[in-house]
Each structure stands twice: as structure tokens, then as C-alpha cells.
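Here is the structure we will look at.
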Amino acid sequence: MTQSDILGSIGVTLLLVGFLLNIRKIVSSENRWYIVLNIIGAALCGYSAFLINFYPFVVLEAVWVIAAFLSLFSRVPRGTSDSQ
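The sequence shown: position 61 = 61 (full-length UniProt numbering), numbered continuously.
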């Protein structure tokens with residue numbers, strides 16, 4: 001296996017673990033660990049795609065990482081209200 005194969009495999013595994021935990025209702029899509037799995041998994045997949053010069057997938061994974069980061073840092077803490 002090449003470096004890109006290993007990194008891509010780890011990234012896909014992290015994404016799938018997060019997905020399975022979510023659909024089994026073990027974690028919600030708002031759970032910090034779910035979002036972190038998405039960020040790390042997508043980053044590894046994107047870097048793996050970059051190593052093999054597959055740029056459409058690099059763009060896809062970059063958007064995935066950005067969306068996950070925005071989700072992680074724009075969450076409103078539970079029990080607070082935006083209308084204050």
C-alpha cells in the first residue's frame with residue numbers, strides 16, 4: 001500500500017465510523033466527536049487525493065472540512081437564546 005492508500009483508508013474509515021454512529025443514533029450530527037471525525041476523515045481523504053493528483057475529490061473534501069469546521073465553531077450552546 002502506498003502512503004495515499006493508507007491515508008485515504010484511515011480517512012474513509014473515520015468518515016464511516018461517524019456515519020454509522022450517527023445513523024444508529026449513538027451520536028447526533030451536532031455531537032462534537034461526530035464533527036471532529038468528519039474534519040479529520042475528510043482532511044485525510046483530501047490529502048490522499050492530493051497525493052494522487054485527483055483534484056475534484058480534493059475540492060469535495062476541502063468543502064467537507066470547511067463545512068464541518070463551520071458547524072463545530074458556530075454551534076450555539078444549549079440552553080442559550082439568540083433573542084436576548
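By construction, the Cβ of each residue, glycine as well, lies at the ideal position given by its N, Cα and C atoms.
Note that the coordinates shown come from a computational prediction; the quantities given were computed from them, not determined experimentally.
Contact between F69 and I39 holds, with the beta-carbon distance rounding to 6 Å and staying under 8 Å.
Between the beta-carbon of L14 and that of G41 there is about 3 Å, and that keeps the pair under the 8 Å contact cut. Bounds of the alpha helix (DSSP H) holding V17 are 3-23. For V27, the secondary structure class from DSSP, reduced to helix, strand or coil, is coil. Rounded to whole angstroms, the gap between the alpha carbons of N53 and V12 is 18 Å.
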